[in-house]
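Please read the structure below before turning to the comments.
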Amino acid sequence: MKRLLMGLVAALVSTVAMAVVDVNSATQAQLEDVKGLGPVKAKAIVDYRQKNGPFKTLDDLDKVDGFGRKSIDKLRAELSVGNRPVAATKSVAGKPVKP
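Our numbering puts the first residue of the sequence shown at 40, with every later residue one more than the last.
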């Protein structure tokens, strides 16, 4: 019984950890939970979004202080823009792919 309970807890935790976070609706606290984002980058995303409106693609993160192409590519599996699939915003050779 104990093994079953531990297995269920592990499955639940891994499911939550694998959840994709929408950069247009996430709070700073939710963004801070994303691996690779800390308080400074999470705040920068929220501040940029409040000042400039929603992101159209993940590639728009390069307009936010502290983000470059490499950091954006590392975060693609963790972040999304609205209900769009992450693959629709992935860049190829530095050029955004049109959805």
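The C-beta atom is built at its ideal place from N, Cα and C for all residues, glycine as well.
With DSSP run on the structure shown, which of helix, strand or coil describes Ser110? Helix.
Going by Cα to Cα distance, which pick from Tyr87, Thr66, Leu76, Met40 is closest to Ile111? If we check each option's Cα against that of Ile111, Leu76 comes out closest.
Quick check: the segment 91-98 against the segment 65-80, are at least 3 beta-carbon pairs closer than 8 Å? With a cut-off of 8 Å, the segment 91-98 and the segment 65-80 do not count as touching, because too few Cβ pairs lie within range.
Going along the chain, which residues of its own chain have a beta-carbon closer than 7 Å to the beta-carbon of Gln69, five neighbours each way excluded? When the five nearest sequence neighbours on each side are left out, the beta carbons in the same chain lying within less than 7 Å of the beta carbon of Gln69 are those of Val60, in order along the chain.
Measuring only the C-alpha atoms, how far is Ser64 from Ile84? Distance between the alpha carbons of Ser64 and Ile84 is about 11 Å.
Please state whether DSSP places Val85 in a helix, a strand or coil. Residue state, collapsed to three classes: helix.
Under 8 Å, do Val120 and Lys80 count as touching if we go by C-beta distance? No, Cβ-Cβ distance for Val120 and Lys80 is not below 8 Å.
Would DSSP call Asp61 helix, strand or coil? The answer is strand: DSSP assigns Asp61 an E or B state.
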